[in-house]
Structure formats: structure tokens, C-alpha cells
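Working notes for the structure below.
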Amino acid sequence: KNEVEQSPQNLTAQEGEFITINCSYSVGISALHWLQQHPGGGIVSLFMLSSGKKKHGRLIATINIQEKHSSLHITASHPRDSAVYICAARQGAQKLVFGQGTRLTINP
Amino acid sequence: EADIYQTPRYLVIGTGKKITLECSQTMGHDKMYWYQQDPGMELHLIHYSYGVNSTEKGDLSSESTVSRIRTEHFPLTLESARPSHTSQYLCASSSLSTGVTGANVLTFGAGSRLTVL
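Sequence order for the protein chains is A and B.
Counting from 1, one number per residue, gives the positions in the first sequence under this note's numbering.
Counting from 1001, one number per residue, gives the positions in the second sequence under this note's numbering.
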């Protein structure tokens, strides 16, 4: 069993739908990252959070430390949101344990 | 604008050649990382550095080596490339500071896609 599990692995939705991607981890963490990887391979860091909730534009990330669970939400989804979303658990100062990624496709 | 740069973006090379993948960042970050990612697979840490003259091997066994002579520069070298080294190599850097989203604490380069024939 992976230390960081994401669900679903693949998600297809229509433009405008509310999207939720889940991340569960089994290790102790100092923070959790949400990353976005586009088809060309480039990775953008979306959020780093260690408690509560953060919001940036249409993206919202939440984390529940007790339940070892984090979610990434996208409101009013758009085809340009299509990408692979990766959660990564930070252990200590340098170690990141990555989930397998969620491939999101938003159809117009 | 501060950023992290990787060169080359794409490289096709023959077996046995020595290659160096360059990574530079202009943010003054102390920590830098090299990750390896096969298509559709997870990222795996192969090397990291806490600062100048500090380098450590990561979780994934790798035949590559790194150096950190300057804060901004973290090159990765393969002395003798083999087809099994074909992969994407991603460089990243991080700092302790946090912004609104905390996202600026971890920054990735665009990646170097290596093909060894």
C-alpha cells in the first residue's frame, strides 16, 4: 500500500462542474503539497498546507490532520483545468512522498 | 521574475555518453532536488541538497551524481548513459518562507526529457 493514496485516479467531468480530488496519507507529515502537472510535463505548485484550508481563485485545498486526509476542490471547472493533480506529503525538511496522481479531464 | 531553469529540455543521446543536466534557480533557495519521473508514474527523489557543498542521495537508486558549488546551481551528471536512464528529470527548489497559498515554497523546473538510444 502506498504511503500516499489519491482518488480517483481518473476523473472526467463537464465544464462548470465542482471537482473534488482526495488524498489520504499514512505517514507523519510536516506539510502537504498539491501540484499540477500539465501534459508537457511542467509542474506547478498549487498549495502547501499544514492545517485548515487555503483558497486561491477557483481552487480550494483542505487538510484534516487527525484523519490524515486532504482534498483539492475546483469550482466552476474549465477545460484548461485538465491536468494531472498530485498530492505530496512532506516528511521533515526534505522528503516528499508523492501520490500517484489524478488525471482530470474537463470537457467543454 | 524569479524562476528555476533546466537545460536541455530534450536530449537524445547514444549509450555510453557522458551527459550533464543543468538546473539553476534565481530565488536564493537553499534546498534543491532532482526527481526522476517515468511517463504516467510518480516522481522519485534521486538527489537533494541543503546548501553549498551539501548533497545527499534520495530514495531511488541512481547512477547519477550531483554537485552544489554555488547556491543557484545544481547540475546532475551521468558518466555513462544507458537506455535504462531514459526518463524525465525534474529539478526543484524550496525555501522556508510561505506566501498566501504556501505554494512558493516548492518550485519545479520544466524538466529535462532524456532518451538514451
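Think of the CB as a built atom: it goes at the ideal place given N, C-alpha and C, for glycine as much as any other residue.
As the structure is a prediction and not an experimental result, all values here were calculated from the model.
Nearest Cα to residue 66(A) within the set 24(A), 84(A), 106(A): 24(A). Distance between residue 12(A) and residue 1112(B), taken at the CA atoms: about 29 Å. Look at residue 77(A): its C-beta is not under 8 Å from any C-beta on chain B. Under the Cβ criterion of 8 Å, residue 18(A) is not counted among the residues facing chain B. As computed with DSSP, residue 31(A) is found in a beta bridge with 90(A). Its Cα nearest to that of residue 83(A), the residue 101(A) stands out among 68(A), 75(A), 101(A).
Under a 10 Å Cβ-count criterion, residue 1077(B) is classified as exposed, with fewer than 16 other Cβ atoms of the shown protein chains found around its own Cβ.
For residue 75(A) and residue 1117(B), the gap between their C-alpha atoms comes out near 44 Å. Three or more Cβ pairs closer than 8 Å define a contact, and the region 1081-1094 of chain B meets that threshold against the region 1021-1040 of chain B.
Excluding sequence positions up to five before and after residue 1017(B), its CB lies within less than 7 Å of the CB of 1081, all in the same chain and listed in chain order.
Excluding residues up to 5 positions away in sequence, 3, 4, 27, 88, 89, 91 lie with their Cβ nearer than 7 Å to the Cβ of residue 97(A) in the same chain.
In the same chain as residue 1045(B), and ignoring 5 residues on each side of it, the C-beta atoms closer than 7 Å to its own belong to 1033, 1035, 1058, 1059, 1060, in chain order.
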